[in-house]
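If you're matching positions, the first sequence starts at 15 in the numbering used here and goes up one per residue.
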Amino acid sequence: MINITLPDGSVRQYDKGISSMQIAISISEGLARNVLAAEVDGQVWDASRPIEQDAKIKLLTWNDTLGKNTFWHSSAHLMAEALEALYPGTKFGIGPPLKEQPGFYYDVDFGDRDFSSDDFKQIEDKVLELAKAKSEYIRKPVSKANAIEYFTEKGDEYKLDLIKDLPDGSITFYTQGNFTDLCRGPHIPNTGFIKAVKLTSVAGAYWRGDETRKQLTRIYAVTFPKQSELTDYLQLIEEAKKRDHRKLGKELELFAFSEKVGMGLPLWLPKGAALRERLVRFMQTAQVKAGYEQVITPHIGHKNLYVTSGHYEKYGKDSFQPIQTPQEGEEFFLKPMNCPHHCEIYKTKPRSYKDLPVRYAEFGTVYRYEQSGELHGLTRVRGFTQDDAHLFCRPDQVKDEFKKVIDLVLYVFSALGFEDYTAQISLRDPENKAKYIGSDENWALAEQSIIEAAAEKGLRTVVELGEAAFYGPKLDFMVKDALGRKWQLGTIQVDYNLPERFELEYTGSDNQKHRPVMIHRAPFGSLERFVAVLIEHCAGNFPLWLSPEQFTILPISEKYEEYAKKLSDILKDSDICGLIDFRDEKIGRKIRDAEVKKIPYMLIVGEKETAEGLVSVRKHGQGDLGSMTIEEFKQRIIKEITV
RNA sequence: GCCGACGUAGCUCAGGGGUAGAGCACUUCCUUGGUAAGGAAGAGGUCAUGGGUUCAAAUCCCAUUGUUGGCUCCA
Numbered sequence: 015m016i017n018i019t020l021p022d023g024s025v026r027q028y029d030k031g032i033s034s035m036q037i038a039i040s041i042s043e044g045l046a047r048n049v050l051a052a053e054v055d056g057q058v059w060d061a062s063r064p065i066e067q068d069a070k071i072k073l074l075t076w077n078d079t080l081g082k083n084t085f086w087h088s089s090a091h092l093m094a095e096a097l098e099a100l101y102p103g104t105k106f107g108i109g110p111p112l113k114e115q116p117g118f119y120y121d122v123d124f125g126d127r128d129f130s131s132d133d134f135k136q137i138e139d140k141v142l143e144l145a146k147a148k149s150e151y152i153r154k155p156v157s158k159a160n161a162i163e164y165f166t167e168k169g170d171e172y173k174l175d176l177i178k179d180l181p182d183g184s185i186t187f188y189t190q191g192n193f194t195d196l197c198r199g200p201h202i203p204n205t206g207f208i209k210a211v212k213l214t215s216v217a218g219a220y221w222r223g224d225e226t227r228k229q230l231t232r233i234y235a236v237t238f239p240k241q242s243e244l245t246d247y248l249q250l251i252e253e254a255k256k257r258d259h260r261k262l263g264k265e266l267e268l269f270a271f272s273e274k275v276g277m278g279l280p281l282w283l284p285k286g287a288a289l290r291e292r293l294v295r296f297m298q299t300a301q302v303k304a305g306y307e308q309v310i311t312p313h314i315g316h317k318n319l320y321v322t323s324g325h326y327e328k329y330g331k332d333s334f335q336p337i338q339t340p341q342e343g344e345e346f347f348l349k350p351m352n353c354p355h356h357c358e359i360y361k362t363k364p365r366s367y368k369d370l371p372v373r374y375a376e377f378g379t380v381y382r383y384e385q386s387g388e389l390h391g392l393t394r395v396r397g398f399t400q401d402d403a404h405l406f407c408r409p410d411q412v413k414d415e416f417k418k419v420i421d422l423v424l425y426v427f428s429a430l431g432f433e434d435y436t437a438q439i440s441l442r443d444p445e446n447k448a449k450y451i452g453s454d455e456n457w458a459l460a461e462q463s464i465i466e467a468a469a470e471k472g473l474r475t476v477v478e479l480g481e482a483a484f485y486g487p488k489l490d491f492m493v494k495d496a497l498g499r500k501w502q503l504g505t506i507q508v509d510y511n512l513p514e515r516f517e518l519e520y521t522g523s524d525n526q527k528h529r530p531v532m533i534h535r536a537p538f539g540s541l542e543r544f545v546a547v548l549i550e551h552c553a554g555n556f557p558l559w560l561s562p563e564q565f566t567i568l569p570i571s572e573k574y575e576e577y578a579k580k581l582s583d584i585l586k587d588s589d590i591c592g593l594i595d596f597r598d599e600k601i602g603r604k605i606r607d608a609e610v611k612k613i614p615y616m617l618i619v620g621e622k623e624t625a626e627g628l629v630s631v632r633k634h635g636q637g638d639l640g641s642m643t644i645e646e647f648k649q650r651i652i653k654e655i656t657v
């Protein structure tokens, strides 16, 4: 007998060699029907795999991330089986589940065959047909020699390339129906769990991400255990398309791009600029309260600045092109980050330990050469403005300062309606230290302070190795938007290296020179990216305090324009922004246009309102709110803005 | 940067070897109206740019440029 510990802590006894599925059956039939795999002592196993010793197990269903991953991984095998059945001779690369979104892909080599989205339907039909056969996924350990023999005979050089790097004794095959794949597993019990499938896109991807190797066809797809979940998923995709900030940005006249100005260089239109200005003012107010001082630095910097900072060495060759002065032959670069400039500000005078922390904030516009294929709307651009600040503090202040920055970031998120977030702690890849600058000791200190500060603030965190910046570890905030999509926004980074490189100092209470620690932080990340995420989060229906046009006055006819102007002036005096629709159109039309433009409040004025000194108020998306005096309306707006 | 798709009026898009089409937006006129599109007329395009094939190119070919889906990258 062996002891099986369940997640609730209860221990049950079973015969040696029992499978997770049998355990599930012993608990409840209903549970067993939903079990996709099981976590056994921290490893995900097939539900059918025999357990030979005492273990802690967790049964995985569709509700678990690991359960979903297993489901999609198994789906990838099923799609491969369908592809092989439809297009014999197809060679297979890898077919994993996706990390950030639902679904999976399989990289395949069709040889000379053309493949396009026109073939999707045929494949989906075949997948469903094979799924109905309820073929079991059968695990089989094989020797390296046998594995090589199998795929040599099959002529699949990609699998052979993978096997080459695997140690003998660790290799397993999985077979379902007529398809056998090299695979570590685990898999769902049988193909019958897969009830709905949709191929989502096709794209090229190099074998093992190496552009010198052959390009394979990557087929993206998503599967579900219920048809209704696929329907929901497709609806979500539709909704996401409607909220695309590139589409809304154009429709709402927030920003634009111009071929002549250059790719990745956004032009802020009046309404977008108004929105952005409000965000800036909001942040400035918060920062003043938090003890920051505003600074301003130039858009270019001397090459030596970046040689000192280390950025030149790291990015100089492919990212920076120098600007040369005609006479002296000096070299300048467009500012790609603000930190070196702020270090020089720190150095303008001697500092005492009593002066620290010093907090310099700047809405600094920076320019970076991003690969052309990587540009995307406002989320990835070549010129953008960071809500940047650099804190210079004593080592004993780091954790406290870091925690204050976390507070600020969370304040910003809550003010803008991002309720759901996690924090990602990005550390150095211990296997590849050459990628980073700075001493081991400083890295250890920096990593430690981030981990402790996040823990003390009770943040939900995940740790990612190898995701740190080259000069220091960071804490990135990932927010979930209204559709449940994750975005990386704010970032906080601890840096022991730049102070070293710029030889920053302060005089301690011991009258000795000491090195301050630097914290980089940007709660929005960049205004461009933040606005993009905000647009998609609220679908263009900004909170009232951010709306570029908070109201529009709609006169029923030109007879009431004088009254409309009077109202408009009253609102303007209270810093409430809006326009009057003077067009010679019927009221229904004016309302419709205002609704389409997502203007929060419509003030309708006609004979009745003019006579009684009222306004008829209509709210976007809600409809008629009835009449009130302009003063009542003003109070309503002020109340809504301050909440 | 690499691979694929795309670029037609301000916007959304149709068409397609014989010198351009719709809807919306715009302008003018009629209409002076009550909570999501009133009516009529008009104006607007070197069909991304450059080159080639052809009697003839917006259409076919090549290059460039931009957008886009991926890959790689992200200070």
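Glycine included, C-beta positions come from ideal geometry on N, C-alpha and C.
- A direct Cα-Cα distance of roughly 23 Å separates N17 from N48.
- Per the Cβ contact rule, the stretch 449-460 is in contact with the stretch 502-522 (3 or more Cβ pairs under 8 Å).
- According to the DSSP secondary-structure assignment, L489 is paired through a beta bridge with I439 and I506.
- Residue environment for E95: buried (at least 16 other C-beta atoms within 10 angstroms of its C-beta).
- DSSP places C552 in no beta strand (DSSP E) but in the uninterrupted alpha helix (DSSP H) bounded by L541 to C552.
- Annotated three-state conformation of I202 is coil, per DSSP.
- Exclusion of the five residues before and after K361 leaves F516 and L518 as the residues of its chain whose Cβ lies within less than 7 Å of its Cβ.
- According to the DSSP secondary-structure assignment, M616 is paired through a beta bridge with T566 and R632.
- Judged by DSSP secondary structure, R153 falls within the beta strand (DSSP E) whose first and last residues are I152 to P155.
- Contact annotation, F416 with I464: C-beta distance approximately 7 Å; criterion of less than 8 Å satisfied.
- Buried is the label assigned to K140, since at least 16 other Cβ atoms lie within 10 Å of its Cβ.
- Leaving aside the five residues that flank E542 on each side, the residues in its chain whose CB is nearer than 8 Å to its CB run, in chain order, P280, L392, T393, V395, F398 and T399.
- Under the three-pair Cβ rule at 8 Å, the stretch 343-351 does not count as touching the stretch 417-427.
- Across the set A375, L497 and V412, the C-alpha of L497 shows the shortest separation from the C-alpha of D434.
- It is roughly 15 Å from the alpha-carbon of Q341 to the alpha-carbon of H316.
- If you keep only unbroken beta strand (DSSP E) runs of at least 3 residues inside the stretch 63-134, you get 69-74 and 118-123.
- Beyond the five residues adjoining it in sequence on each side, L639 comes within less than 7 Å, by CB distance, of V631, R632 and K633 in the same chain, given in chain order.
- Cβ-Cβ distances below 6 Å link Q301 to A375 in the same chain, with the five nearest sequence neighbours on each side left out; the list follows chain order.
- Distance check between I605 and each of T566, A625, A578 and T643 places T566 closest, using alpha-carbon atoms only.
- When C-alpha distances from Y367 are compared across C407, F347 and G206, the shortest belongs to C407.
- Three or more beta-carbon pairs separated by less than 8 Å are not found between the stretch 319-332 and the stretch 499-509, which leaves the two stretches without contact.
- Closest option to L585, judged by alpha-carbon separation, among A51, S571 and E563: E563.
- The stretch 210-221 makes no contact with the stretch 67-77, as fewer than three CB pairs between them are under 8 Å.
- In the DSSP assignment, N318 forms no beta bridge with any residue.
- A contact between stretches requires three or more CB pairs, one per stretch, nearer than 8 Å, and the stretch 435-450 fails this requirement with the stretch 375-391.
- When rounded, the separation of the alpha-carbon atoms in L424 and L560 is 18 Å.
- CA-CA distance, E143 to V275, rounds to 53 Å.
- By the criterion of a C-beta distance shorter than 6 Å, R257 is surrounded in its chain by E550 and A553, once the five residues flanking it on both sides are discounted.
- Annotated three-state conformation of G218 is strand, per DSSP.
- Judged by their CB atoms, L45 and A52 are not nearer to each other than the 9 Å cut-off.
- The Cβ atoms of G378 and H355 sit closer than 9 Å to each other.
- Here the stretch 27-38 does not lie against the stretch 80-88, with fewer than 3 beta-carbon pairs under 8 Å apart.
- Taking C-beta atoms under 8 Å as the contact rule, V547 and A578 fail to qualify, at a distance of about 36 Å.
- Of all C-beta pairs linking the stretch 116-124 to the stretch 233-244, three or more are shorter than 8 Å, placing the two stretches in contact.
- In this structure, Y188 places its C-beta atom within 9 Å of the C-beta atom of I152.
- The criterion of a C-beta distance shorter than 9 Å is satisfied by R499 and Q115.
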